[in-house]
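**Student:**
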Amino acid sequence: MLRFNNRIEQMPPSGIRKFFDLVIDAKDIISLGVGEPDFVTPWHVRERVFYSLEQGRTSYTSNWGLMELRKETAKYLKDRFAVNYDASEIMITVGVSEAVDIALRTILNEGDEVILPEPTYVCYRPLAELAGAKAVAVSNPSFKITADDIEKAVTPKSKVIILSYPSNPTGYTIDRAEIEKIAEIARKHDLWIISDEIYGELTYEKEHFSIAAVPGMKDRVILMNGFSKAFAMTGWRLGYIAASNDFLAQAVKIHQYAALCAPIMAQYAAIESLQRGMPEMEEMKKSYWRRRNYMFEALNKIGMTVNRPEGAFYIFPSIERSKLSSEEFALGLLEKQRVAVIPGDVFGLGGEGRVRICYAIDFELLKECVARMEKFIKSL
Amino acid sequence: MNEIAELLQKDARLTPEDIASMLNKSVEDVREKIRQMEDDGTIIKYSAVINEEKLPKQKDKVVAFIEIQVQPEREKGFDAIAERIYQFPQVTSLYLMSGRYDLLVVVEGDNLKDVAFFVSDKLSTLDNVKSTATHFLLKKYKENGTMLFKQNKLERLNVAL
Ligand SMILES: Cc1ncc(COP(=O)(O)O)c(C=O)c1O
Chain A
56 MLRFNNRIEQ MPPSGIRKFF DLVIDAKDII SLGVGEPDFV TPWHVRERVF YSLEQGRTSY
116 TSNWGLMELR KETAKYLKDR FAVNYDASEI MITVGVSEAV DIALRTILNE GDEVILPEPT
176 YVCYRPLAEL AGAKAVAVSN PSFKITADDI EKAVTPKSKV IILSYPSNPT GYTIDRAEIE
236 KIAEIARKHD LWIISDEIYG ELTYEKEHFS IAAVPGMKDR VILMNGFSKA FAMTGWRLGY
296 IAASNDFLAQ AVKIHQYAAL CAPIMAQYAA IESLQRGMPE MEEMKKSYWR RRNYMFEALN
356 KIGMTVNRPE GAFYIFPSIE RSKLSSEEFA LGLLEKQRVA VIPGDVFGLG GEGRVRICYA
416 IDFELLKECV ARMEKFIKSL
Chain B
1090 MNEIAELLQK DARLTPEDIA SMLNKSVEDV REKIRQMEDD GTIIKYSAVI NEEKLPKQKD
1150 KVVAFIEIQV QPEREKGFDA IAERIYQFPQ VTSLYLMSGR YDLLVVVEGD NLKDVAFFVS
1210 DKLSTLDNVK STATHFLLKK YKENGTMLFK QNKLERLNVA L
């Protein structure tokens, strides 16, 4: 009999089967479940790629990515987040998704433990398990994880702490002082840090602070970021890892064999975004900020209480007053009001009792959703 | 531009409540600011952007862009002649330009003859008008930042975690 890999077979499919099967093909719903910008990649970026195609730029690139892009990326990281990487310390990947997979496979051995603050984006746990490790969830009722929460989970088997802030699904981030304490713990227990900063550009009141900016941390931090969110480029599949040469020398072996290189068209698009895309990026960010403000106020008004998100384009309100589980709430809202939200428990420990709403949709539709959610809650 | 004006320019139907909530301001402040802008002429009026091609077939209007070279007047420059021109109701827009000509006049009429008559009778006969060149509009693609052709509706997945 043909058999599959045991780990893959045992891995549950992402999310909640029943709910997602209902949502995926539904035609007449308004979806607040889409984790991507509601903007098309700006025209100048698309137009730049037409040009690269005209010039016949359709080949492989170096495994590491185009040198021009690596240089622009290093400059961007320095300008925006005050972290210093040389172009040689940047590896271009197929989205942050590939970056996470590569990073975990590069550092994990069978039986290692990964400290994972939850609720969080869904890819880290299965990819860690696939690499033979165990994901140890840590949580905080405020969703703002502390260094103490993390230290309590440290065991002799701990190998890496995953930080993913601003957070999908909560929209919260970790403040600089706490980041510095977490860095201290990583140093004390000799742990790696994987920091997925894909929403780093999308912070509203405070500037994003990268753990890679803490002095002395560069060797243990594996920083990853990409173009999907801030530059509205989800479909291009482009991201990168910034890390020490020692780490990348190992990591590139996986990337080289599993992906060879990121698509060259996407790499040219990314160069254009970094060189000339900042004004549009700022405009998009402003429009998320406005909708964040609106949703924060509107949800609290209808009894879905929530603290103000600090970044990304998600809000993670409580549904406690409905007395329903997250899944029941999402199913009910879908059936009765044709609005899709994501049940919070999908994102792991501490997510039950909440739903994730992505507010990156048209403002009129957003208002309509709030009205429908209010009706749904009142009907209970 | 101030943010309230920016929002209203994109969507004049936003309510003061919506705007206040989006910008973290009080509803009263927003109302007051809008009132001020209406009073001081920052907001001139609220109007819908219409794609006229979609309206039930009316009699076709003719639009012409007319370049005019003029002799500016002492002390008044171009303003006096401009006023003479923009007072005509047929003139929908008027711009002073740098380059080969001076004034760009946009004129709307019921038919070609109408517009031609307006140019030959009213515009070219004005004192100080040295020459005119009339270009008739054939098709509109984009106006005031709005693309007039329906873009393909983008398909997005209903869920992406
Ligand atoms: C926290 C986080 N990391 C990574 C990704 C995937 O990013 P990419 O498109 O770069 O693979 C997402 C997408 O939702 C995300 O929310």
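Quick note, the sequences are listed as chains A and B, same order. Residue 435, in my numbering, is where the first sequence stops; the numbers in between run on with no holes. Residue 1250, in my numbering, is where the second sequence stops; the numbers in between run on with no holes. We put the CB at the ideal spot given by N, CA and C, even for glycine.
1) In three-state terms, what does DSSP make of K422 (chain A)?
2) Taking the beta strand (DSSP E) that D251 (chain A) belongs to, which residues open and close that run?
3) Residues around ligand 1, please: the ones whose beta-carbon is closer than 6 Å to some heavy atom of it, in chain order.
4) Might you give, ordered along the chain, the residues of its own chain that have their beta carbon closer than 8 Å to the beta carbon of M1236 (chain B), omitting 5 neighbours on each side?
5) Within a Cβ cutoff of 8 Å, which residues of the same chain sit near L257 (chain A), ignoring the five residues on either side of it in sequence?
6) D1107 (chain B) CB to nearest chain A CB: under 8 Å?
7) Would you mind stating whether R1189 (chain B) and L1215 (chain B) have Cβ atoms separated by less than 8 Å?
8) Rounded to whole angstroms, what's the CA-CA distance from T319 (chain A) to C178 (chain A)? Just pull it up for me.
9) Inspect the beta-carbon positions of V276 (chain A) and S250 (chain A) and report whether they are closer than 8 Å.
10) Using the beta-carbon of each residue, which ones in chain B are nearer than 8 Å to Y445 (chain A)?
11) Can you pull the chain A residues whose beta carbon is under 9 Å from the beta carbon of A1249 (chain B), in chain order?
12) Please identify, using Cβ separations under 7 Å, the residues of the region 58-81 of chain A that lie next to chain B, in order along the chain.
13) Mind pulling the chain A residues with CB within less than 8 Å of R1173 (chain B)?
14) Under DSSP, the alpha helix (DSSP H) around K356 (chain A) begins and ends at which residues?
15) Examine the Cβ distances between the region 111-125 of chain A and the region 318-333 of chain A and report whether three or more of them are shorter than 8 Å.
16) Pop quiz: V149 (chain A) and R292 (chain A) are said to be a contact at Cβ under 8 Å. What is the actual Cβ separation, rounded to whole angstroms?
17) In chain order, what are the residue ranges of uninterrupted alpha helix (DSSP H) at least 4 long that sit wholly in the region 279-342 of chain A?
18) I need the DSSP call for R101 (chain A), collapsed to helix, strand or coil.
19) With a Cβ-Cβ cutoff of 8 Å, do A334 (chain A) and L354 (chain A) count as a contact?
20) On the DSSP letters alone, give me the boundaries of the alpha helix (DSSP H) that R437 (chain A) sits inside.
21) Check the Cβ-Cβ distances between L1246 (chain B) and every residue of chain A, and say whether any is below 8 Å.
22) Using CA coordinates, which residue listed in A:E168, A:L185, A:E184 is at the minimum distance from Y193 (chain A)?
23) Could you tell me the boundaries of the beta strand (DSSP E) in which L1193 (chain B) lies?
24) Identify which residue in B:I1123, B:Q1098, B:K1099 has its Cα closest to the Cα of A1109 (chain B).
25) Output yes or no for whether 8 Å exceeds the beta carbon distance between L159 (chain A) and A183 (chain A).
26) What residues from chain A crowd round A1243 (chain B), counting only those whose CB sits closer than 8 Å?
**Tutor:** Let's see:
1) By one-based count along the first sequence, residue 422 (chain A) stands at place 367. Helix, per DSSP.
2) The residue given as residue 251 (chain A) occupies position 196 in the first sequence. Run containing D251 (chain A): 247-251, per the beta strand (DSSP E) assignment.
3) Qualifying residues come out as A:G90, A:G150, A:V151, A:S152, A:Y176, A:S219, A:N223, A:D251, A:I253, A:G281, A:S283, A:T289, A:G294.
4) Position 147 of the second sequence, counted from the first residue, corresponds to residue 1236 (chain B). If the five residues before and after M1236 (chain B) are omitted, its C-beta is found closer than 8 Å to the C-beta atoms of Y1230, all from its own chain and listed in chain order.
5) Here the question's residue 257 (chain A) lines up with position 202 in the first sequence. If the five residues before and after L257 (chain A) are omitted, its C-beta is found closer than 8 Å to the C-beta atoms of P221, K284, A285, K340, Y343, G366, A367, F368, all from its own chain and listed in chain order.
6) Numbered from 1 along the second sequence, position 18 holds the residue referred to as residue 1107 (chain B). D1107 (chain B) has a beta carbon lying within less than 8 Å of a beta carbon in chain A.
7) Counting from one through the second sequence, the residue named residue 1189 (chain B) turns up at place 100. Counting from one through the second sequence, the residue named residue 1215 (chain B) turns up at place 126. Going by C-beta atoms, R1189 (chain B) is not nearer than 8 Å to L1215 (chain B).
8) The residue given as residue 319 (chain A) occupies position 264 in the first sequence. The residue given as residue 178 (chain A) occupies position 123 in the first sequence. Per the sequence shown, the amino acid found at residue 319 (chain A) is Ile instead of Thr. Cα-Cα distance, rounded: 25 Å.
9) For this step, residue 276 (chain A) is matched to residue 221 along the first sequence. For this step, residue 250 (chain A) is matched to residue 195 along the first sequence. Yes, they are a contact pair.
10) Missing from the structure shown is residue 445 (chain A); chain A here goes from 56 to 435 and no further.
11) Here residue 1249 (chain B) is taken as the residue at index 160 of the second sequence, counted from 1. Ordered by position in chain A, the residues that pass the 9 Å Cβ test against A1249 (chain B) are G88, V89, G90, E91, T289, C413.
12) Taking 7 Å as the Cβ-Cβ cut-off, the region 58-81 of chain A approaches chain B at S69, G70, F75, V78, I79, A81, given in chain order.
13) The residue you call residue 1173 (chain B) lines up with position 84 of the second sequence. Under the 8 Å cutoff, chain A gives no residues; its nearest Cβ is about 40 Å from R1173 (chain B).
14) For the purposes of this step, residue 356 (chain A) is identified with residue 301 of the first sequence, where counting begins at 1. Taken as a continuous stretch (DSSP letters only), the alpha helix (DSSP H) holding K356 (chain A) covers 333-356.
15) Cβ pair count under 8 Å is three or more, so yes.
16) To locate residue 149 (chain A), count along the first sequence from 1; it is residue 94. To locate residue 292 (chain A), count along the first sequence from 1; it is residue 237. A Cβ-Cβ separation of about 5 Å places V149 (chain A) in contact with R292 (chain A) under the 8 Å criterion.
17) Scanning the region 279-342 of chain A for uninterrupted alpha helix (DSSP H) segments of 4 residues or longer gives 300-313, 319-331, listed from N- to C-terminal end.
18) Here residue 101 (chain A) is taken as the residue at index 46 of the first sequence, counted from 1. Looking at R101 (chain A) - three-state DSSP - the assignment turns out to be helix.
19) Numbered from 1 along the first sequence, position 279 holds the residue referred to as residue 334 (chain A). Numbered from 1 along the first sequence, position 299 holds the residue referred to as residue 354 (chain A). For the sequence presented, residue 334 (chain A) should be read as Pro rather than Ala. Not a contact, by the Cβ cut-off of 8 Å.
20) For residue 437 (chain A) there is no data in the structure shown, the boundaries of chain A being 56 and 435.
21) One-based indexing of the second sequence puts residue 1246 (chain B) at position 157. Closer than 8 Å: yes.
22) For the purposes of this step, residue 193 (chain A) is identified with residue 138 of the first sequence, where counting begins at 1. In the sequence on display, residue 193 (chain A) carries Val and not Tyr. When only C-alpha atoms are compared, the closest one is A:E168.
23) Residue 1193 (chain B) sits at position 104 when you count from the first residue of the second sequence. That run of the beta strand (DSSP E) goes 1192-1198.
24) One-based indexing of the second sequence puts residue 1109 (chain B) at position 20. Ranking B:I1123, B:Q1098, B:K1099 by Cα distance to A1109 (chain B) puts B:I1123 first.
25) Residue numbering aside, residue 159 (chain A) sits at position 104 when the first sequence is read from its first letter. Residue numbering aside, residue 183 (chain A) sits at position 128 when the first sequence is read from its first letter. L159 (chain A) places its beta carbon less than 8 Å from that of A183 (chain A).
26) As a working mapping, residue 1243 (chain B) is identified with position 154 in the second sequence. In the sequence as presented, Ala is not what sits at residue 1243 (chain B); that position holds Leu. Simply V95.
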